[in-house]
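**Q** If you read the sequences in order, they're chains A and B. Under the numbering used here, the first residue of the first sequence is numbered 1, with each subsequent residue one higher. Under the numbering used here, the first residue of the second sequence is numbered 101, with each subsequent residue one higher. The structure's right below; bear with me while I get my questions together.
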Amino acid sequence: MPNERLEDRLKAMLAERLMLKFRPEEIGDGDDLIEKWGLESVQLMEIVIGLEEVFGIQLGDDEFSVKRFRTIENIAGVVREKDPRAGSPQPAADGLAPAG
Amino acid sequence: MSETPGFFPARDGTPLYGVYHAPSEASRVAVLIAPGLLEERKSAYAVLAGLARDLAAAGHPVLRFDFRGSGESGGDPAARRWAHLPADLAAAREALLRLSGRSAAALAGLRLGAALVLQEAARLASPAVVALAPVLKGSSEVRLWRVRSKMRAELTAAPAPGNSGTDRTSGLSPNFPGAALDLDGFTVAPEFLDDVARLDLTACSAPLPAPALVVQVSHRETPAAEHERLVAALGPMAQLACVRLEPFWDRVEEVDAGGLYQNVRRFLAGVSL
């Protein structure tokens, strides 16, 4: 896959960091991660840490709410809001970096 | 092997609970296991009990215990300060030395317990230290506690009339600096939050005078930079092990901690009596 959507990168991050027992592509962009996939508050925290570590997103203490981390779509919205460049398709890990 | 539960007094008389694991043949260094605190102590209970049994089977006399205001120990959690914990650790070490007939004990700890054993190892003349997933920066930990508490409050708040069940943002509990924190049913006093926020192992600059094993427990099989920095700061006798394992101190589900046990057992087998 030459390019990865932000949503797919987020799913891959979730699957890796949370050591999920299911494949990331099984998660729908709009799936409720709590109701459908059984994530708990502590795992939402792991997503927050992942956004900070992997995407370099810094969140203020007043920016946390369950709603913003409840679906992949919403998490992608947080990332785009904080860093519009992060929302662009990115080279896959083994792909070539864009020129220039 | 036998397991003997019981109480021993902290220096101020607070009864501390512990379980002594006596090996069939005590051929290795005695080990004191310091747990985490709050929810982490509860979630990690089975893994630390398993570690104690694993080490006892390998010939280590082991004592695992609860800090004051935690688990089965006495003391008011609201009155607990960080300054109490070194004294509790020292009292537990004395109990282990008495029970095992040894003159020294290796210290092992999980999360805040790991930060504490690294802090106290030199003072307690520990012949070896095992730090399992140590809390490196207290201020970051307290921030995460606050965020988690806020999210948890949102998840457990009753839906307001007319609201759907998926947008439960009403009923937030106070969650600001200076207030006590409700962390999944464990109330954390503001003074203790301040104490923890002051912890900073990333600023650690004094090498340990004893072998140390820092265990990174995470989804990664490669070391994180902050763990590498800590091990470098602990000096040439420190080493890092990366164990790919769910953060069991945060999980309700059972985990297979065999890899963790193996790393700790191997390290302690090399520590002379």
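Using N, Cα and C, we set each Cβ at its ideal position, and we do this for glycine too.
Do you know whose CA, among B:Glu346, B:Ala310, B:Glu353, lies nearest alanine 333 of chain B's CA?
**A** Looking up residue 333 of chain B in the second sequence gives position 233. Cα-wise, what sits closest to alanine 333 of chain B is B:Ala310.
**Q** For chain A, check one thing: does any of its Cβ atoms lie closer than 7 Å to the Cβ of aspartate 294 of chain B?
**A** Here the question's residue 294 of chain B lines up with position 194 in the second sequence. Chain A contact via Cβ: absent.
**Q** Quick one: using the 10 Å Cβ neighbour count with 16 as the cut-off for buried, is glycine 86 of chain B buried or exposed?
**A** Because chain B spans 101 through 373 in this model, residue 86 of chain B falls outside it and cannot be assessed.
**Q** Which residues does DSSP pair with glycine 118 of chain B in a beta bridge?
**A** Indexing the second sequence from 1 puts residue 118 of chain B at position 18. Partner(s): B:Gly106, B:Phe165.
**Q** Of all Cβ atoms in chain B, is any one closer than 7 Å to the Cβ of leucine 44 of chain A?
**A** Here the question's residue 44 of chain A lines up with position 44 in the first sequence. So yes, leucine 44 of chain A belongs to the interface.
**Q** Measure the Cβ-Cβ separation of arginine 17 of chain A and glutamate 52 of chain A and say whether it is below 7 Å.
**A** Numbered from 1 along the first sequence, position 17 holds the residue referred to as residue 17 of chain A. Numbered from 1 along the first sequence, position 52 holds the residue referred to as residue 52 of chain A. No.
**Q** Could you tell me if glutamine 58 of chain A is buried or exposed, where buried requires 16 or more neighbouring beta carbons within 10 angstroms of its beta carbon?
**A** What you label residue 58 of chain A is simply residue 58 of the first sequence in a count that begins at 1. The residue is exposed, with fewer than 16 neighbouring Cβ atoms inside 10 Å.
**Q** Can you tell me the Cβ-Cβ gap for tyrosine 120 of chain B and aspartate 166 of chain B, rounded? I've got them flagged as a contact below 8 Å.
**A** Your numbering for residue 120 of chain B matches position 20 in the second sequence. Your numbering for residue 166 of chain B matches position 66 in the second sequence. 13 Å between Cβ atoms; not a contact.
**Q** Which residues of chain A have a Cβ atom closer than 7 Å to the Cβ of aspartate 350 of chain B, listed in chain order?
**A** Position 250 of the second sequence, counted from the first residue, corresponds to residue 350 of chain B. By Cβ distance, chain A contributes Val42.
**Q** Going by DSSP in three states, serine 240 of chain B sits in which element: helix, strand or coil?
**A** One-based indexing of the second sequence puts residue 240 of chain B at position 140. Helix at serine 240 of chain B.
**Q** Have a look at B:Glu194, B:Ser372, B:Gln362, B:Leu373 and flag the residue whose alpha-carbon is nearest the alpha-carbon of leucine 151 of chain B.
**A** For the purposes of this step, residue 151 of chain B is identified with residue 51 of the second sequence, where counting begins at 1. When each option's Cα is compared against that of leucine 151 of chain B, the closest is B:Gln362.
**Q** Could you say which of B:Ala187, B:Ala225, B:Arg198 lies nearest to glycine 51 of chain B if we only look at CA atoms?
**A** Residue 51 of chain B is absent from the model: chain B starts at 101 and stops at 373.
**Q** Is the Cβ-Cβ distance between valine 343 of chain B and valine 364 of chain B less than 7 Å?
**A** Counting from 1 along the second sequence, the entry for residue 343 of chain B is found at position 243. Counting from 1 along the second sequence, the entry for residue 364 of chain B is found at position 264. For valine 343 of chain B and valine 364 of chain B, no; Cβs fall outside 7 Å.
**Q** When the cut-off is 7 Å and only beta carbons count, does valine 288 of chain B lie next to chain A?
**A** One-based indexing of the second sequence puts residue 288 of chain B at position 188. No, because no Cβ of chain A sits closer than 7 Å to the Cβ of valine 288 of chain B.
**Q** Is there a Cβ of chain A sitting closer than 7 Å to that of arginine 211 of chain B, yes or no?
**A** Looking up residue 211 of chain B in the second sequence gives position 111. Closer than 7 Å: no.
**Q** So with CB distances below 7 Å, who are the chain A contacts of lysine 250 of chain B?
**A** Along the second sequence, one-based indexing puts residue 250 of chain B at 150. Correct list: Phe64.
**Q** I need the straight-line Cα distance from alanine 357 of chain B to aspartate 83 of chain A, nearest angstrom please.
**A** On the second sequence, position 257 is the one that residue 357 of chain B refers to. On the first sequence, position 83 is the one that residue 83 of chain A refers to. Between alanine 357 of chain B and aspartate 83 of chain A, the C-alpha separation is close to 38 Å.
**Q** Helix, strand or coil: how does DSSP classify serine 65 of chain A here?
**A** Reading the first sequence from its first residue, position 65 is the one you call residue 65 of chain A. Reduced to three states, the DSSP call for serine 65 of chain A is coil.
**Q** For leucine 132 of chain B, does the three-state DSSP call read helix, strand or coil?
**A** For the purposes of this step, residue 132 of chain B is taken as residue 32 along the second sequence, with counting starting at 1. In the structure shown, leucine 132 of chain B sits in a strand (DSSP, three-state: E or B).
**Q** Determine which residues of the stretch 235-250 of chain B have a Cβ less than 8 Å from any Cβ of chain A, and write them out in chain order.
**A** Arg243, Leu244, Arg246, Val247, Arg248, Lys250
**Q** Going by DSSP in three states, arginine 344 of chain B sits in which element: helix, strand or coil?
**A** In the second sequence, residue 344 of chain B corresponds to position 244, counting from 1. In this structure, arginine 344 of chain B counts as strand in the three-state DSSP scheme.
**Q** Would you call the stretch 161-177 of chain B and the stretch 133-145 of chain B touching, i.e. three or more CB-CB distances under 8 Å?
**A** yes
**Q** For methionine 251 of chain B, count neighbouring C-beta atoms within 10 Å of its own C-beta (all shown protein chains included) and say buried if the count is 16 or more, exposed if not.
**A** Here residue 251 of chain B is taken as the residue at index 151 of the second sequence, counted from 1. By the neighbour-count definition (other C-beta atoms within 10 Å, threshold 16), methionine 251 of chain B is a buried residue.
**Q** What does the alpha-carbon distance come out to for the pair alanine 190 of chain B and isoleucine 72 of chain A?
**A** For this step, residue 190 of chain B is matched to residue 90 along the second sequence. For this step, residue 72 of chain A is matched to residue 72 along the first sequence. Roughly 48 Å separates the two Cα atoms.
**Q** Assuming contact is defined by CB atoms lying nearer than 7 Å, are arginine 85 of chain A and valine 78 of chain A in contact in what I supplied?
**A** Numbered from its first residue, the first sequence carries residue 85 of chain A at position 85. Numbered from its first residue, the first sequence carries residue 78 of chain A at position 78. Contact flag unset, no.
**Q** Along chain B, which residues have their Cβ under 8 Å away from the Cβ of glutamate 16 of chain A?
**A** Numbered from 1 along the first sequence, position 16 holds the residue referred to as residue 16 of chain A. His319, listed in chain order.
**Q** Can you have a look at proline 336 of chain B and say buried or exposed, based on whether 16 or more other CB atoms are within 10 angstroms of its CB?
**A** Your numbering for residue 336 of chain B matches position 236 in the second sequence. Result: exposed.
**Q** Using a Cβ-Cβ distance cut-off of 7 Å, determine whether serine 270 of chain B contacts chain A.
**A** Here residue 270 of chain B refers to the residue found at position 170 when the second sequence is read from its first residue. Note on serine 270 of chain B: pLDDT 34, under 50, position unreliable in the model; no value is reported.
**Q** Note down, in chain order, every chain B residue with its Cβ under 8 Å from the Cβ of aspartate 61 of chain A.
**A** Working through the first sequence from its first residue, we reach residue 61 of chain A at position 61. Residues of chain B passing the Cβ test: Arg243, Arg246, Val247.
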